[in-house]
Every structure is written in structure tokens, then in C-alpha cells.
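A.B. asks:
Protein chains in written order, with our numbering: chain H, 1 to 772; chain Z, 1001 to 1086.
(1) Report back the beta-carbon spacing between residue 1052 of chain Z and residue 321 of chain H to the nearest angstrom; my notes put them in contact at under 8 Å.
(2) Give me the residue from H/164, H/328, H/252 with the minimum Cα distance to residue 468 of chain H.
(3) Take residue 345 of chain H and list the residues in its own chain whose beta-carbon comes closer than 6 Å to its own, dropping the five residues that flank it on each side.
(4) Using the beta-carbon of each residue, which ones in chain Z are nearer than 8 Å to residue 310 of chain H?
(5) Does the CB of residue 339 of chain H have a neighbour CB from chain Z at under 8 Å?
(6) So, does the CB of residue 319 of chain H fall closer than 8 Å to a CB anywhere in chain Z?
(7) Quick one: is residue 1054 of chain Z near chain H, going by C-beta distance under 8 Å?
(8) Spatial neighbours of residue 275 of chain H within its chain, please: C-beta separation below 8 Å, excluding the five flanking residues on both sides.
(9) Does the distance from the CB of residue 84 of chain H to the CB of residue 121 of chain H come in under 8 Å?
(10) Closer than 8 Å by beta-carbon distance: list the chain Z residues that pair up with residue 533 of chain H, in chain order.
(11) Under three-state DSSP, which class holds residue 1052 of chain Z?
(12) Are residue 279 of chain H and residue 315 of chain H close, meaning C-beta to C-beta below 8 Å?
(13) Are the beta-carbon atoms belonging to residue 747 of chain H and residue 425 of chain H less than 8 Å from one another?
(14) Pick from H/406, H/455, H/313, H/342: whose alpha carbon is nearest that of residue 372 of chain H?
(15) Could you have a look at residue 606 of chain H and say whether DSSP puts it in helix, strand or coil?
(16) Can we say the segment 577 to 595 of chain H touches the segment 724 to 731 of chain H, given the rule of at least three CB pairs closer than 8 Å?
(17) Run through the segment 83 to 128 of chain H for me and flag every whole alpha helix (DSSP H) of 4 or more residues, listed as ranges in chain order.
(18) According to DSSP, which residues form a beta bridge with residue 480 of chain H?
(19) Please name the residues in the segment 578 to 599 of chain H whose beta-carbon is closer than 9 Å to at least one beta-carbon of chain Z, in chain order.
(20) Quick one: list the residues of chain Z neighbouring residue 377 of chain H, beta-carbon separation under 9 Å, in chain order.
(21) Out of H/125, H/330, H/515, which one is the CA nearest neighbour of residue 1059 of chain Z?
(22) How long is the line joining the alpha carbons of residue 707 of chain H and residue 480 of chain H, rounded to whole angstroms?
(23) What is the DSSP secondary structure of residue 328 of chain H, counted as helix, strand or coil?
(24) Quick check on residue 383 of chain H: buried or exposed, where buried means 16 or more other Cβ atoms within 10 Å of its Cβ?
(25) State yes or no: is the C-beta of residue 554 of chain H within less than 8 Å of the C-beta of residue 471 of chain H?
(26) Going by the CB atoms, is the gap between residue 429 of chain H and residue 1070 of chain Z shorter than 8 Å?
(27) Can you grab the Cα-Cα spacing for the pair residue 624 of chain H / residue 531 of chain H, in whole Å?
(28) Below 8 Å on the Cβ atoms is my contact criterion, and I expect residue 245 of chain H with residue 298 of chain H to pass it. Report the Cβ-Cβ distance as a whole number of Å.
(29) Taking the alpha carbon of residue 526 of chain H as the point to measure from, which residue in H/407, H/517, H/503 has its own alpha carbon closest?
(30) For residue 438 of chain H, collect the residues of the same chain with a Cβ closer than 7 Å to its Cβ; drop the 5 residues on either side in sequence, then sort them by chain order.
(31) In angstroms with no decimal places, state the Cα-to-Cα distance between residue 768 of chain H and residue 686 of chain H.
(32) To the nearest angstrom, report how far apart residue 359 of chain H and residue 512 of chain H are at their CA atoms.
(33) Assuming residue 52 of chain H is part of the beta strand (DSSP E), what are its boundary residues?
(34) So residue 313 of chain H contacts chain Z; which residues on that side make the cut at Cβ distance below 7 Å?
(35) Kindly indicate if chain Z contains any beta-carbon less than 8 Å away from that of residue 331 of chain H.
(36) Leaving out five residues on either side along the sequence, give the residues of the same chain with a beta carbon under 8 Å from the beta carbon of residue 33 of chain H.
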């Protein structure tokens, strides 16, 4: 079987690599301090020349391919490579520099990684979201490394007065084979810096067969030692001289505002120094702070106690009667009525009328909170018209823009220092917490840390949307599906920016609704209206979570109704290997990628199903109370199929003995990180399916902490998670890894529960539905 | 090949938390909480009774932000998500 086998090696770094940690004022501004390779040259921003086209050039500030921005070499040979994306557990701070090192022919043990500050003009787009880092930057990073290698080779050839074609960079040296001469990178750095940057079009990239690092899975993440030993610096670890600590009481209802407050009792708490109002903006207002009352103290604990002692009167505003139970009923009712048609092929109404059998599935998924291990936190120092921020942000470029606009200062006067993120999941692409710190520092004239508690995090999140999904499938007398109508009703993320948004945006519709890959003659997708009554934001995998749950659960329901095997039913619905024609869709979106490079290829979809079925031993005998479920989903232009084995005991206790997942993510950098992301997706998917639910009463979030919004503990995690990676074909573009593992998990799980118990779960979380 | 995830057992020892009232003695009526364990509710925080209508699926709140700067930021964000999706 032509399958990349996961390296059966223990995790861990095999080389001692150190990330240059941030320090106050000590962060290297640019590369001038880091080595002699750097020129004070103008930036060279150009679109990447690649064997495949991506959507990178359409991102804000596009892609910068310039070795002088990303690479420096010190006289001692140490190579410093800039990581311009944010590290939140995916390993991107290792993966992208590793790509540069590969093409540069650098020895990874002599490479240092330096975190970039937020500067998209300099580095290109820095939004670390959408599972885009590798797919947008694999080729640009190769080009950057190859440019630097070529400059080193040119410098050596010039010094030896030999043609450049006679020299070659090999493992941190440039070698002239004919004479046996060698020069280390450090010895050549100064001269190399004087060489012109070669044009991308003429670059020679390494032959993949010569790769030492890419695709091998032998390099641990650069942060591993620090994370393991507790010395890694996250946002909460930043401390500045004279810094004050703040927590904020925010309006408990989205759109509410402060009426009055009394801070006298708070001021009696030891350590509390000040109580003041924080400016808030009427909703919707992008990522602006909600406002409220800040308690400023000498430490976070005192600030929290001070906040507890505040007397505050809020006006809840127009969302003051948001009740998620009543709203759920409205969503479900709406899903039973026609809505805005967003994809139409054939005649669904007629096909359903003529069908021999119609199967209807109604599914509901609640709001979800991100609950990253590290709640939002930010430190800001604002003096005169300059601001410096230290924060775990996924979008340092966007944060820089928003801080500048909020403080009304030039963007050049804003510095965003990116710390490690203790998880992100999309929450930290919204910079409201950094804006709060900036506003308070400006007001107080000293550095301020704003720390969110877990309760703040859950109460004031940009939540994952709530969703009702309804699918009608019409079958002919032979059990073949001839009609498919999918209605998806959910408030849109666009409501965070647009007051009247009631329909999903194209990018949301494109996550598992209008991109249905099934070969069915009559397809209709609809999107009834849904107004938002809280802040909705991006959440790992976004709308793919409810859509995959509905579609893949429905496949299980059809298989049951027709007495078919789930996997066989799935392959029948996917149909023949082909490129799915989405010409009937006004805006297919396709994750922002050109359809030519990233089409919906059902051959790849089928392959992951077949692979996971083979490797996961689909159909193997099950003990009583055990069951297998399968699901497949394409998201972030990757293909993933998952098999879950469940065990349900007589009392309804659910455990997951085994998970098997196959992924086709095209060309990849580090299989060890893919495996890690998919293991994490299984844990997160199980956690959300079992417990994930945020509810509202009187406009207020009812959950408070991890006791009533639980995440699974280690004893509940899947016992075994096996990952199989489909090897890429020649020039197969890279695609997403960070998010695609989550969507197929829940339907594979609930299909397995059905196989084990005969009980169909249509509403998440599972909660107590299995208890007898 | 495949690799198995092995679960590791961790034993977390609970540490009793002192009640703020017992140790601070700084106020006559400190909140029933510690720095690491906030109170279940914020007794000092109240909402005036909302006279808003029930939140529905079809009606937006009608709230708009009149600040030109915020309007611009909202518009930029809308264009951004239409272009890149995220």
C-alpha cells in the first residue's frame, strides 16, 4: 500500500533547538542585531511563483518572499530564521523555518528561530488561522531558503573565482568539489549579503528526494524543551517594570452597557489601586472591547477580589431576553420551511415527491466556547503616541491595525510582540483583550496587564454559532438517493460586523453545505434567516462542525434505512471519481483557494475512506456494547475520514477504545505534527460531542467554568488514535491540517453509538442521552 | 505502522483554599471568594429589568454603531471575510 507510515518514534526533540524568547526591549528588531547577512535593503514583496496557485496573494498584504527579511547568518554560522506566524500548538513556529532551512541546506542544529512582531508590510500576511500557514507558505519559504542558498553559493564562487555552477551548498557549508575547498555559512555571510537576491523564476529548488527534513517527522518542535520544563513564555508570563494588573467587569449581555458603579468596597481590598470605567462600543463593533469597569491592582488576585466587591448596575439592552432554548425551537422551525436557496441542481421538490422513500434527519448543535487552556491576556504600554503590546494573538497584523485605529495613532507607532499562545482555536484571532490593555495603559500612563479569568472567557467569548440542520433524502425503489435537500440555519459570524446580517456568509456556506461532494441528481441547499443575539466568531473548523455532523449522520441514517453498510453507503453517495462541478453555486468560496489548484476531488475523498476502512479494520467483530462508526469530510481543502470505536455499558457510560483517521493534506512538512493535530482533534471532537454546550437565559451565558463547560480528562480520551497520511502526488498542493480533523469526529462517534446501542444521537452534546 | 496513544495517569493533589474573609481582615464584608475561585454569582452586579422584546431568529437587534471609526472597521472586516473568509 502506497501509504506514508507514521514514524514509530517517541516524541521529543532530537536536536537542541532554542527559540529566541521575547524579552522586554530585548526582542531583536529586524535582523540588524542578529547577523551580518542582513542588508538595509528595501522590502521586496512579490507574488510567489509556484507550481500551483494558492489564495495567498489575496490575503491582506499577501506574501513576502525575501531572504533579507526572513534569514540572517551570524559570523559564527548560526542561522536565524524568522517565524512570522503565531504558535498555538500546531508547531508552525518550527515547520515554516524548517522549510527555509531545508532549501538553504542549513544544519538544523545550528538554526535559531525568532518570532516576528506584527508587521504585515514586512512579513506578509500573519493571520494564523484558516489552516493556511503551510498551504500558503510552503512554497514561499522554499523560495526564501533557495534564494539565500544561491546567494551563499554566489559569494563562494566569487571568492574562489570559479563559476557558480561548480559550487554547491551542503550541510551548512559551500563546497567546490573540483578543488575540495569548503567555506562555512558564517564565513560567507558578509559577502553573501552583498550578492543580489536572485529572481524567483530562475531559482533551483531542491529535488524532494534530497530532502533531509521535510516529510521525515524527525524534528521536534523548537518550543518543546521550554514547554516541557515550564520556561516557555506565554502571554500571562509577561511582566514589565511598574506594570499594573487589571481585570474588568463587562456587561453580562451582548449589547448591554454600564449604567452606574460603586467601587468603594473594591478600593478597600489590599492591593487595589483604582477603579475606572472602560470604554465600550455599541454592538456590533468588530473586535472592540465590550467596555465595563476595570479594577487596577498590584497583582491579578487583588484585582479579581476587587472586581468581586464592585457594585455595578447594567442595562442589558436588546438582547436581554435571549433564551437559547426558545431560540433553538425557532431555528428548528425555520429548518422545516423554505429558505434562501444557495445551491440548486435538478428539481428537488419533484424528486422528493416521486421518491419511494423520504428520510428526514433533524440535527441541533449548540453554541460552543473556545476555552483554550490559556484565557485571553495582554500587556500594553502606551506612552504619548506610541504603543507596545505583548499578547498571545493569532493575528498580530490585524491587532496592530486595530490598536492603531482604536488609539488613533499611526500604525508605525504600534509594536505587537507575539508570545506563545496557550491554545487559540480561533478565539485569539479577535484582539479585544489587547485593545482593553491598550486603552487602560493609555488612561493610566503605565504598563497594564489585562487578565481574563476562565469565567470571563466563557461569558464574553466570540462563541461558535448555534445551528439547526435538516436534511431530507429521497430514495428510489432501489434505495438509490435521488434527492437531497439540506437546510442550515445559524447566525453568521458576519453579525459581528454587520447589524443586519441574517444569512450565512459565503465562507460559512462553503463549509460543508454548498460544497456537498455527493453524486446526486437533485440537490438543493437552503439557508433560512437567523439573527444573532450574542457575539459569534470563528471556532476551530467553524461551520464544518454542524454540517459534517448532519451530513455524515444522515449517511448513517440512510444506510440503516436501506440495510446497507455505512462505509459502502458513503462510497455510493460520493460516487465516481471526479471533480465536483460547483458551477451552480454563485460563490463556492473554496476556502479562498483557486478551484484549479484545489478542486473537490472525489477520488481523494474516496481514497481516505478506503484507506481508513482498510487500516482501521472496518467491519471487525465487535464485543457486546461496542460499535464502529465512520465519517468523511473535506474541509480547509483537505480530505479526512475517521472511524471511531465506542463502548457503551449498561448504564450508558461511553468510552472510546480506538480512533482511526486517514488524511490527505497534499504535500506536507512534518508528519509528526499532522499526527499530533489529529490526535488533538479526536480529543477535542470527543470533548465537544460529549459535553460542549453554552446556553443563554435572559441574555446571559449560563455556564461559568470547566465544571459546567467540561473538557474531557485524560481518562476519557480515546485510548488509541491511529493516523494514516496519504502520500502526496507530484506537485500536490499542501492543504490544511489544524482544523480538518474535528468535523468528522462527532458523526463518526454518533454513528458508532448507533451501531453499539441502536440509539441515534441527533442533538449535541450527548450529555445524558445514553444514560438509562 | 501506527502508534498508540498511551494514557498517563496524573494524580492531582487538592490544596485547600483559604477563604478570603479569614485571612484578609481588610474589609467588613469581603466577597465570598478567593483570587482563584470567584463567587458563583457577582452579588454586587445587577441588571435593570430589560424591557426588550424576546430575542427572535428573524429580528436583529437593530443596534448600529454610529462611530465613524467603528463603522470603517466593521466595513473593513466585512470586506476581509468576503475576500479571505477568516
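Cβ coordinates follow ideal geometry from the N, Cα and C atoms, glycine included. Keep in mind that this is a model prediction, so the values were computed, not measured.
C.D. replies: In brief:
(1) 5 Å
(2) H/328
(3) 523, 584
(4) 1042, 1044, 1045
(5) no
(6) yes
(7) yes
(8) 261, 263, 266, 267, 293, 294, 295, 296, 306, 310
(9) no
(10) 1055, 1061
(11) coil
(12) no
(13) no
(14) H/455
(15) helix
(16) no
(17) 92 to 104, 120 to 123
(18) Its beta-bridge partners do not exist; DSSP assigns none.
(19) 587, 589, 591, 592
(20) Ordered by position in chain Z, no residue passes the 9 Å Cβ test against residue 377 of chain H, which lies about 15 Å from the chain.
(21) H/330
(22) 46 Å
(23) helix
(24) exposed
(25) yes
(26) no
(27) 45 Å
(28) 7 Å
(29) H/503
(30) 380, 382, 387, 389, 403, 406, 407
(31) 14 Å
(32) 20 Å
(33) Note, residue 52 of chain H: premise wrong, no beta strand (DSSP E); not H, not E.
(34) 1046, 1048
(35) yes
(36) Per-residue confidence for residue 33 of chain H stands at a pLDDT of 30, beneath the threshold of 50, marking its modelled position as unreliable; no derived number is given.
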